[in-house]
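Residue numbers (full-length UniProt numbering): 1 to 349.
Every residue, glycine too, gets a C-beta built ideally from N, C-alpha and C.
Source: prediction; values computed, not measured.
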Ligand code: GLY
Ligand code: MN
Ligand code: MN
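Set out below in structure tokens:
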């Protein structure tokens with residue numbers, strides 16, 4: 001079954017006759033058009049059209065797997081009204097702005113607009129062989145960049161220096177950075193999403209590096225915490241606890257496992273070390289056209305792991321005034337268990 005056929009089945013289950021796709025990654029997933037932020041797709045029971053503007057006429061004709069209509073709003077809406085009029089049209093509730101929903105209501109007065117969630121996202125949770133190739137390529141580039149830059153993470157170097165070198169290495173290898181690289185040294189390690197700053201890395205510190213590459217629109221995501229000099233016994237204790245939780249969770253990944261149970265496993269281990277309160281986020285997430293996508297590996301998740309999912313396992317502890325540790329692997333769920341895609345070396349402390 002093609003992605004469009006699968007989507008139409010999901011639309012029927014959701015009770016809509018058509019779907020207005022506005023989320024850029026979903027536009028790409030359904031149409032193949034890589035500038036999804038400047039595109040929309042209308043899918044009906046028998047057709048699908050990509051709407052984008054004249055800046056993309058050539059690119060859309062090269063990339064899109066569905067017919068294209070090149071225009072800007074309001075012409076876009078006027079054209080789409082022929083297909084959407086009188087139908088129950090789903091819109092992506094977790095993406096479409098209130099202003100753009102108002103525009104749809106103004107232009108399609110006889111359509112019934114229905115908020116839907118996760119219809120295209122649901123198709124994206126398991127990856128095709130082609131998608132996996134791109135994710136593997138992205139991770140290989142990130143691994144190589146990390147290996148190249150790791151020896152330069154030393155006292156006297158700023159966090160920004162490290163981030164810039166990592167980004168340069170990934171760009172030279174033909175990838176983009178998947179997100180703003182995190183390099184968090186010393187006490188900055190207590191900020192899970194602290195961006196690289198002009199702080200100079202000091203002696204005997206831990207440095208958390210969270211990085212990813214993007215290849216053909218697909219992402220990788222990995223974190224390593226490295227030691228500079230001889231970190232204190234307390235920092236080493238934090239590191240070992242996180243490594244234990246990370247390795248235990250990775251080892252438990254297999255189809256049929258509940259995402260919530262995986263989160264619980266890592267959280268219980270850290271709680272056993274007296275560190276549960278410092279594990280300030282969920283265990284991980286799916287990775288693909290978005291860095292963060294389904295499934296969510298969190299306590300409240302209803303999702304169950306399936307072969308073909310690509311997820312992160314990323315426990316961390318963040319102790320204000322002291323520092324922090326996160327270790328994150330990118331993991332493919334296979335028929336029999338898992339394959340760890342992120343191969344960059346881990347510190348042993
Ligand atoms: N870099 C964000 C994350 O690891 O989820
Ligand atoms: Mn990350
Ligand atoms: Mn992550």
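By Cβ distance below 7 Å, which residues in the same chain neighbour residue i in space, the five residues on each side in sequence not counted?
| i | result |
| --- | --- |
| residue 180 | 195 |
| residue 33 | 27, 39, 50, 52, 60, 63 and 64 |
| residue 284 | 297, 311, 312, 313 and 314 |
| residue 111 | 84, 85, 86, 87 and 89 |
| residue 360 | What is shown of the chain runs 1 to 349, which leaves residue 360 out entirely. |
| residue 54 | 70 |
| residue 131 | 218 and 288 |
| residue 235 | 206 and 323 |
| residue 286 | 125, 293, 294, 295, 309, 310 and 311 |
| residue 223 | 208, 209, 210, 314, 326, 327 and 328 |
Leaving out the 5 sequence neighbours to the left and right, which residues in its chain are closer than 6 Å to residue i when beta-carbon positions are compared?
| i | result |
| --- | --- |
| residue 231 | 204 and 206 |
| residue 137 | 215 |
| residue 352 | For the chain, the structure presents residues 1 to 349; residue 352 sits outside this window and is missing. |
| residue 339 | 332 |
| residue 239 | 325 and 349 |
When you measure from the CB of residue i to every non-hydrogen atom of ligand 3, does any distance come out below 6 Å?
| i | result |
| --- | --- |
| residue 143 | no |
| residue 225 | no |
| residue 246 | no |
| residue 314 | yes |
Exposed or buried, what is residue i when buried is set at 16 or more other beta-carbons lying within 10 Å of its beta-carbon?
| i | result |
| --- | --- |
| residue 68 | buried |
| residue 221 | buried |
| residue 9 | exposed |
| residue 192 | buried |
| residue 46 | exposed |
| residue 210 | buried |
| residue 1 | exposed |
| residue 92 | buried |
| residue 280 | exposed |
| residue 5 | exposed |
| residue 106 | exposed |
| residue 78 | exposed |
| residue 198 | exposed |
| residue 228 | buried |
| residue 272 | exposed |
| residue 17 | buried |
Quick check: is any heavy atom of ligand 2 less than 6 Å from the C-beta of residue i?
| i | result |
| --- | --- |
| residue 82 | no |
| residue 230 | no |
| residue 328 | yes |
Is any non-hydrogen atom of ligand 1 found closer than 6 Å to the C-beta of residue i, if you look at the structure I gave you?
| i | result |
| --- | --- |
| residue 203 | no |
| residue 210 | yes |
| residue 221 | yes |
Would the beta-carbon of residue i fall within 7 Å of that of residue j?
| i | j | result |
| --- | --- | --- |
| residue 80 | residue 42 | yes |
| residue 332 | residue 310 | yes |
| residue 219 | residue 291 | yes |
| residue 225 | residue 325 | yes |
| residue 343 | residue 143 | yes |
| residue 275 | residue 317 | yes |
| residue 22 | residue 96 | yes |
| residue 36 | residue 24 | yes |
| residue 208 | residue 184 | yes |
| residue 166 | residue 145 | yes |
| residue 301 | residue 252 | no |
| residue 3 | residue 123 | yes |
| residue 190 | residue 319 | yes |
| residue 213 | residue 175 | yes |
| residue 337 | residue 254 | yes |
| residue 201 | residue 173 | no |
| residue 372 | residue 94 | A question about residue 372 goes unanswered here, because the residues of the chain that appear run from 1 up to 349. |
| residue 58 | residue 31 | no |
| residue 113 | residue 119 | no |
With a CB to CB cut of under 8 Å and the five nearest residues on each side skipped, what residues in its chain are close to residue i?
| i | result |
| --- | --- |
| residue 341 | 135, 136, 139, 220, 310, 329, 330, 331 and 332 |
| residue 152 | 161, 162 and 165 |
| residue 100 | 22 |
Problem set entry | Inter-stretch contact at 8 Å, needing at least 3 Cβ pairs: the stretch 265 to 284 / the stretch 234 to 252 | yes
Problem set entry | the stretch 287 to 303 contacting the stretch 155 to 166, beta-carbon criterion three pairs below 8 Å | Too few Cβ pairs lie closer than 8 Å, so no.
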